[in-house]
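Novice:
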Amino acid sequence: MQAANVAIGKDTTANMGSTQLKDSKVDGAVVNVGTSVQAANVAIGDKTTANMGSTQIKGSEVKGTAVNVGTSVQSANVAIGKDTTANMGSTQLEDSKVKGTVVNVGTTWAGANVAIGDKATANMGSTQIKGSEVKGSVVNVGTTAAAANVAIGKNATANVGSTQLKDSKIDGSVVNVGTTAGAANVAIGQNSDANMGSTQIAGSTVKGSVTNVGTTVGGANIAIGKNTVANLGSTQIKGSDIKGSVTNVGTSAGIANVAIGSGANANAVSTQIKNSDVDGKIVNIGNAGAAANIAIGKNSDANLGSVQMSGSNLKGNITNKANVGAAANLAIGSGTSANLGSVQMTDSTAKGNITNKANVGAAANLAIGKNSNANMAAVQMKNATVKGDISNKANVGAAANLAIGNNSSANMGSVQVKNSSVGGNISNSANVGLSVNMAIGSGATSDTSSISSD
Numbered sequence: 002m003q004a005a006n007v008a009i010g011k012d013t014t015a016n017m018g019s020t021q022l023k024d025s026k027v028d029g030a031v032v033n034v035g036t037s038v039q040a041a042n043v044a045i046g047d048k049t050t051a052n053m054g055s056t057q058i059k060g061s062e063v064k065g066t067a068v069n070v071g072t073s074v075q076s077a078n079v080a081i082g083k084d085t086t087a088n089m090g091s092t093q094l095e096d097s098k099v100k101g102t103v104v105n106v107g108t109t110w111a112g113a114n115v116a117i118g119d120k121a122t123a124n125m126g127s128t129q130i131k132g133s134e135v136k137g138s139v140v141n142v143g144t145t146a147a148a149a150n151v152a153i154g155k156n157a158t159a160n161v162g163s164t165q166l167k168d169s170k171i172d173g174s175v176v177n178v179g180t181t182a183g184a185a186n187v188a189i190g191q192n193s194d195a196n197m198g199s200t201q202i203a204g205s206t207v208k209g210s211v212t213n214v215g216t217t218v219g220g221a222n223i224a225i226g227k228n229t230v231a232n233l234g235s236t237q238i239k240g241s242d243i244k245g246s247v248t249n250v251g252t253s254a255g256i257a258n259v260a261i262g263s264g265a266n267a268n269a270v271s272t273q274i275k276n277s278d279v280d281g282k283i284v285n286i287g288n289a290g291a292a293a294n295i296a297i298g299k300n301s302d303a304n305l306g307s308v309q310m311s312g313s314n315l316k317g318n319i320t321n322k323a324n325v326g327a328a329a330n331l332a333i334g335s336g337t338s339a340n341l342g343s344v345q346m347t348d349s350t351a352k353g354n355i356t357n358k359a360n361v362g363a364a365a366n367l368a369i370g371k372n373s374n375a376n377m378a379a380v381q382m383k384n385a386t387v388k389g390d391i392s393n394k395a396n397v398g399a400a401a402n403l404a405i406g407n408n409s410s411a412n413m414g415s416v417q418v419k420n421s422s423v424g425g426n427i428s429n430s431a432n433v434g435l436s437v438n439m440a441i442g443s444g445a446t447s448d449t450s451s452i453s454s455d
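For the sequence shown, the numbering used here begins at 2 and goes up steadily by one.
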């Protein structure tokens, strides 16, 4: 509809086809339906906000349901300045309370959503909730094609087809369905987050279940900076309490997922849980082909079709099912971990069983650095307790698994238990052919189709 909406100056706001509430109270529901075609929405200045086909609620209370349906075609949404926010086809809640359910349906084709500046936030087809309480469920359905979502600056956040919770409480369930094709999602800056077709929960409580279904074809998800996070078709939970189960179904083809910086995390079609409690079970189903997942930096983690737990407690079972072909998974730096079609538990407790089923072909998994770990179609436990059984079933062909560095560990089609306790049985069934598994360095270990314990 060939429109331009521009706001310039400190604390400015540019809204196009959007609903914005600040310090308000609504007894009923909030419903926004916004459509933008060949439009530009721009806000320039510190603490600026640019909303296109979005709902933004700050410091407010809504007694009913909040629904946003945003459609953007060949449009640009830009916010430039410190503490800027750019929302396109998204719902954003800050310091608010919603007694009903929050639903966001965002569709973007050939669009650009950009936020530049410290603490910049760029949301495209996403739901972002900060310091808020939702009595009902949170549902996000984001579909993105041929689009770019970019956040640049310290503590920057870029979300595409994702749900992100920070310091919030959800009484119901969290459901995210993100479909992305030919899209780029980029966050650059210290402590930056880039989420594509993912669910990320930090410092929050969810009384219901968490379900993420992420499908990505021909996409790039990149986070650059210290302690950066890049999640693609994944579920990541940090410092949170989940009363229900966690289910992640991730499918990716022709993708690149990259996190660069000390303490970086790159998760593709994976579930990663850190310093959290989960009362239910954890299920991860990851399918990846023609994929590259890379984490570079000290203590970095690269997970592809895997479940990784650290400093966490789980009352239920862990199930990981992975089909990976023509993929590369790399973690480079001291203390790094590269997990491909694997389950890795560190400093954690699981009261149920651990089951890993992985089919890997034409894949490379590398961990380079002192105390590094490379796991392919494997289960690795360190300083952990499992009260149930451990079962690993692996089929590996035309694959390379390498760990390089002092005290490094390379596990292929194996179960490795270190300084851990297992209450049940351990079983491993592995078919490995045309493969290379190597660990290079003083004190390095290499296990293929085996069970090791110390």
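Each residue gets a CB set at the ideal place from its N, CA and C atoms; glycine is no exception.
Just to confirm the assignment, what range does the beta strand (DSSP E) spanning residue 167 have?
Specialist: Translated into the one-based positions of the sequence shown, residue 167 becomes position 166. Here the beta strand (DSSP E) through residue 167 covers 164-167.
Novice: Tell me the rounded alpha-carbon separation between residue 140 and residue 392.
Specialist: Against the sequence shown, residue 140 aligns to sequence position 139. Against the sequence shown, residue 392 aligns to sequence position 391. One C-alpha to the other measures close to 34 Å.
Novice: Where residue 56 and residue 267 are concerned, what is the direct C-alpha to C-alpha distance, given to the nearest angstrom?
Specialist: For this step, residue 56 is matched to residue 55 along the sequence shown. For this step, residue 267 is matched to residue 266 along the sequence shown. Going from the Cα of residue 56 to the Cα of residue 267 covers about 29 Å.
Novice: Would you mind sorting residue 7 into buried or exposed? The rule is 16 or more other CB atoms within 10 Å of its CB.
Specialist: Within the sequence shown, residue 7 is the residue found at index 6, counting from 1. Exposed: under 16 other Cβ atoms inside 10 Å.
Novice: If you reduce the DSSP assignment to three classes, tell me which class residue 457 lands in.
Specialist: A question about residue 457 goes unanswered here, because the residues of the chain that appear run from 2 up to 455.
Novice: Can you check the segment 311-352 for any beta strand (DSSP E) of at least 3 residues that lies completely inside it and give the ranges in chain order?
Specialist: The DSSP assignment places 319-333, 338-341, 344-347 as complete runs of the beta strand (DSSP E) inside the segment 311-352, in order along the chain (cut-off: 3 residues).
Novice: Is it buried or exposed, residue 434, if we count other Cβ atoms within 10 angstroms and call 16 or more buried?
Specialist: The residue you call residue 434 lines up with position 433 of the sequence shown. Per the 10 Å Cβ criterion, exposed.
Novice: Does the Cβ of residue 253 have 16 or more other Cβ atoms within 10 Å, making it buried, or fewer, making it exposed?
Specialist: Within the sequence shown, the letter at position 252 stands for residue 253. Buried, since its Cβ has 16 or more Cβ neighbours within 10 Å.
Novice: Helix, strand or coil: how does DSSP classify residue 155 here?
Specialist: To locate residue 155, count along the sequence shown from 1; it is residue 154. Coil at residue 155, not helix or strand.
Novice: As an exercise, report each continuous beta strand (DSSP E) stretch of at least 3 residues that is fully enclosed by the segment 251-314, in chain order.
Specialist: 266-269, 272-275, 283-297, 302-305, 308-311
Novice: Which residues mark the beginning and the end of the beta strand (DSSP E) in which residue 35 is found?
Specialist: Mapped onto the sequence shown, residue 35 falls at position 34. Element bounds for residue 35: 31-38.
Novice: Helix, strand or coil for residue 13, going by three-state DSSP, please let me know.
Specialist: Here residue 13 is taken as the residue at index 12 of the sequence shown, counted from 1. Looking at residue 13 - three-state DSSP - the assignment turns out to be coil, as it is neither helix nor strand.
Novice: What runs of the beta strand (DSSP E), each 3 residues or longer, lie entirely inside the segment 36-61?
Specialist: Entirely contained in the segment 36-61, the beta strand (DSSP E) runs reaching 3 residues are, in chain order, 41-45, 50-53, 56-59.
Novice: Of the choices 325, 124, 265, 194, whose alpha-carbon is the least far from that of residue 286?
Specialist: Residue 286 sits at position 285 when you count from the first residue of the sequence shown. When each option's Cα is compared against that of residue 286, the closest is 325.
Novice: Which two residues bound the contiguous beta strand (DSSP E) that contains residue 237?
Specialist: Locating residue 237 in the sequence shown gives position 236, where the first residue counts as 1. It spans 236-239 - the beta strand (DSSP E) in which residue 237 sits, taken as one unbroken run.
Novice: Below 7 Å CB to CB, which residues in the same chain sit around residue 311 once its five sequence neighbours on both sides are set aside?
Specialist: Indexing the sequence shown from 1 puts residue 311 at position 310. For residue 311, where only same-chain residues beyond five positions count, the Cβ hits under 7 Å are 275, 347, 348, 349.
Novice: What residues match up with residue 421 in a beta bridge as DSSP calls it?
Specialist: Here the question's residue 421 lines up with position 420 in the sequence shown. According to DSSP, which records beta bridges pairwise, residue 421 is partnered with nothing at all.
Novice: Excluding the 5 residues preceding and the 5 following residue 133 in the sequence, name in chain order all residues of the same chain whose CB lies nearer than 6 Å to its CB.
Specialist: Taking the sequence shown and counting its residues from 1, one reaches residue 133 at position 132. Here residue 133 has 94, 97, 169 as same chain residues with Cβ atoms under 6 Å from its own Cβ, once five neighbours each way along the sequence are excluded.
Novice: Given residue 230, which residues of its chain have a CB within under 6 Å of its CB, disregarding the five upstream and five downstream residues?
Specialist: Your numbering for residue 230 matches position 229 in the sequence shown. Closer than 6 Å at Cβ, skipping near neighbours: 194, 224, 266.
Novice: Under the rule that 16 or more other beta-carbon atoms within 10 Å means buried, what is residue 215, buried or exposed?
Specialist: Along the sequence shown, read from residue 1 onward, the residue named residue 215 stands at position 214. The residue is buried, with at least 16 neighbouring Cβ atoms inside 10 Å.
Novice: Quick one: is residue 12 buried, meaning 16 or more other Cβ sit within 10 Å of its Cβ, or exposed?
Specialist: Taking the first residue of the sequence shown as position 1, residue 12 is located at position 11. With fewer than 16 other beta carbons inside 10 angstroms of its own, residue 12 counts as exposed.
Novice: Pull up the distance between the alpha-carbon of residue 16 and that of residue 425, whole angstroms please.
Specialist: Position 15 of the sequence shown, counted from the start, is the residue given in the question as residue 16. Position 424 of the sequence shown, counted from the start, is the residue given in the question as residue 425. If I take the Cα positions, the gap works out to 58 Å.
Novice: What's the gap between the Cα of residue 272 and the Cα of residue 234?
Specialist: As a first step, residue 272 must be located in the sequence shown, where it is residue number 271. As a first step, residue 234 must be located in the sequence shown, where it is residue number 233. Approximately 9 Å, taken between the alpha carbons.
Novice: Looking only at its own chain, which residues have a Cβ that is under 6 Å from the Cβ of residue 248, when we skip the five neighbours before and after it?
Specialist: In the sequence shown, counting from the first residue as 1, residue 248 sits at position 247. Contacts found: 212, 284.
Novice: Measuring straight from C-alpha to C-alpha, what distance separates residue 150 and residue 339?
Specialist: What you label residue 150 is simply residue 149 of the sequence shown in a count that begins at 1. What you label residue 339 is simply residue 338 of the sequence shown in a count that begins at 1. Those two C-alpha atoms are separated by around 27 Å.
Novice: Classify residue 215 as helix, strand or coil using the three-state DSSP reduction.
Specialist: By one-based count along the sequence shown, residue 215 stands at place 214. Reduced to three states, the DSSP call for residue 215 is strand.
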